[in-house]
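Okay, structure coming up:
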């Protein structure tokens, strides 16, 4: 990876899973990393401690990005702590949780992503980048059906992707690029495990069709690479290809 010394990066939803591994990889490359979490402070602080033990710099910021004041505070703390904001990795997603408000998936995966991107862009210098993390099941939802339980998440994440793509002209005026990175089901994630419990054998079937499913750390490595990858704004990186989703 490119040396990120002196650069500041917010990674949303980074107290566990892909987000946590991505944050640690970026910190190892020299970045000042903001670990964002919604409610699990001890878990986020553990990631910060792991980064600091290796000589890296990180802080944990509790912020529910579905709330405008939290999202604004997340950006402000990053700037105040490290003197600026250079990259935003939009990793947080959801929509299968119980007991949330109506349309929570769309609020989180579309509305909140766009709002946070806009808030961050106000503080980011020219040359900065926003990375949106999604799944093949969401990216290709208009062409390929997914499991019914995941459909609200897939539709809302695709809506979030579309909203961010529409924002490219405004971002370009500020010299900020947008990159989308998508992967198949990820081994070891909460979502993949839940769907496999609901539909026993679903994970094995996807693994067989795709040829390989990435682990959390393997996908995190790819996400981290896209922060500084030499690609045009609007580029979509299909990690592992799109076998089973792209018509041959």
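Numbering (the working numbering), first residue to last: 1201 to 1448.
C-beta: ideal position from N, C-alpha, C; glycine also.
field: When 1258, 1373 and 1417 are compared against residue 1386, the one with the closest alpha-carbon
entry: Against the chain shown, residue 1386 aligns to sequence position 186. A check of alpha carbon separations from residue 1386 across 1258, 1373 and 1417 identifies 1417 as the nearest.
field: Close Cβ partners of residue 1220 (< 7 angstroms) along its chain, the five nearest in sequence each way excluded
entry: As a first step, residue 1220 must be located in the chain shown, where it is residue number 20. Taken in chain order, the residues that qualify are 1214 and 1247.
message: Rounding to the nearest angstrom, what Cα-Cα distance links residue 1342 and residue 1255 in this structure?
response: Position 142 of the chain shown, counted from the first residue, corresponds to residue 1342. Position 55 of the chain shown, counted from the first residue, corresponds to residue 1255. When rounded, the distance between both Cα atoms is 45 angstroms.
query: How would you write the range of the alpha helix (DSSP H) that residue 1393 sits in, first residue to last?
result: Along the chain shown, one-based indexing puts residue 1393 at 193. Element bounds for residue 1393: 1390–1398.
- request: Measure the Cβ-Cβ separation of residue 1382 and residue 1437 and say whether it is below 8 angstroms.
  value: On the chain shown, residue 1382 is found 182 positions in, with the first residue counted as 1. On the chain shown, residue 1437 is found 237 positions in, with the first residue counted as 1. At a Cβ-Cβ threshold of 8 angstroms, residue 1382 and residue 1437 count as neighbours.
field: Cα-Cα separation between residue 1443 and residue 1414, rounded to whole angstroms
entry: The residue labelled residue 1443 in the question sits at position 243 within the chain shown. The residue labelled residue 1414 in the question sits at position 214 within the chain shown. Cα to Cα, residue 1443 sits roughly 13 angstroms from residue 1414.
message: Threshold first: 4 residues or longer. Then list the alpha helix (DSSP H) segments lying entirely within the region 1316–1378, N to C.
response: The qualifying runs are 1336–1339, 1351–1366 and 1368–1373.
message: Give the list of continuous alpha helix (DSSP H) stretches no shorter than 4 residues that lie fully inside the region 1250–1326.
response: 1268–1282 and 1312–1321
query: Ends of the alpha helix (DSSP H) at residue 1427?
result: In the chain shown, the residue the question calls residue 1427 occupies position 227. Note, residue 1427: alpha helix (DSSP H), 1416–1428.
query: Exposed or buried, residue 1203, counting other C-beta atoms within 10 Å across all chains shown (16 or more means buried)?
result: Against the chain shown, residue 1203 aligns to sequence position 3. So residue 1203 counts as exposed.
field: Rounded straight-line distance, which links the Cα of residue 1319 to that of residue 1328
entry: Position 128 of the chain shown holds residue 1328. Position 119 of the chain shown holds residue 1319. Taken atom to atom, the span from the alpha-carbon of residue 1328 to that of residue 1319 is near 13 angstroms.
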